[in-house]
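Residue numbering for the sequence shown follows the numbering used here, beginning at 94 and increasing consecutively.
Yeah, the Cβ is synthetic: ideal placement off N, Cα and C, and Gly gets one too.
Have a look at the structure below, then the notes.
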Amino acid sequence: MVSDDDIERTILELLAQRDEGKTICPSEAARALADDFRPLMDDVRRVADGMAQVEITQKGRVVEDLDAARGPIRLRLKR
94 MVSDDDIERT ILELLAQRDE GKTICPSEAA RALADDFRPL MDDVRRVADG MAQVEITQKG
154 RVVEDLDAAR GPIRLRLKR
């Protein structure tokens with residue numbers, strides 16, 4: 094079982110490997126946590142949405158309401 098802490102730590106580790114302002118796909122975090130990553134996608138999105146240091150973006154714009162977002166999203170550290 095993957096915990097929320099595991100997900101948060103993985104998101105932050107992946108973002109730390111990127112240049113400033115660069116993003117990751119939530120699936121990158123899910124894939125880093127499990128071979129069968131698809132069941133983790135909702136949890137990764139939920140945890141990312143609750144992280145104060147992470148912004149969720151879509152088409153380069155910050156998403157204020159994740160529930161209203163349709164299609165691919167990206168994660169980045171807040172500037």
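Cβ of M134 within 7 angstroms of Cβ of A141? Stepping through the sequence shown from its first residue, residue 134 is reached at position 41. Stepping through the sequence shown from its first residue, residue 141 is reached at position 48. No.
For the beta strand (DSSP E) containing G170, name the first residue and the last one. As a working mapping, residue 170 is identified with position 77 in the sequence shown. Sequence inspection shows Leu at residue 170; the Gly mentioned does not correspond to that position. From DSSP, the beta strand (DSSP E) with L170 extends over 167-170.
Here's a check: name, in chain order, each residue in its chain whose Cβ is nearer than 6 angstroms to the Cβ of E121, leaving out the five neighbours to either side. Residue mapping note: residue 121 aligns to position 28 of the sequence shown, counting from 1. So the qualifying residues of the chain are L107.
Exposure of P119, with buried meaning 16 or more beta-carbon neighbours within 10 Å: As a position in the sequence shown, residue 119 is number 26, starting the count at 1. So P119 ends up on the buried side.
Contact under 7 angstroms by Cβ, E148 with K171: Mapped onto the sequence shown, residue 148 falls at position 55. Mapped onto the sequence shown, residue 171 falls at position 78. Cβ distance < 7 angstroms, so E148 and K171 count as in contact.
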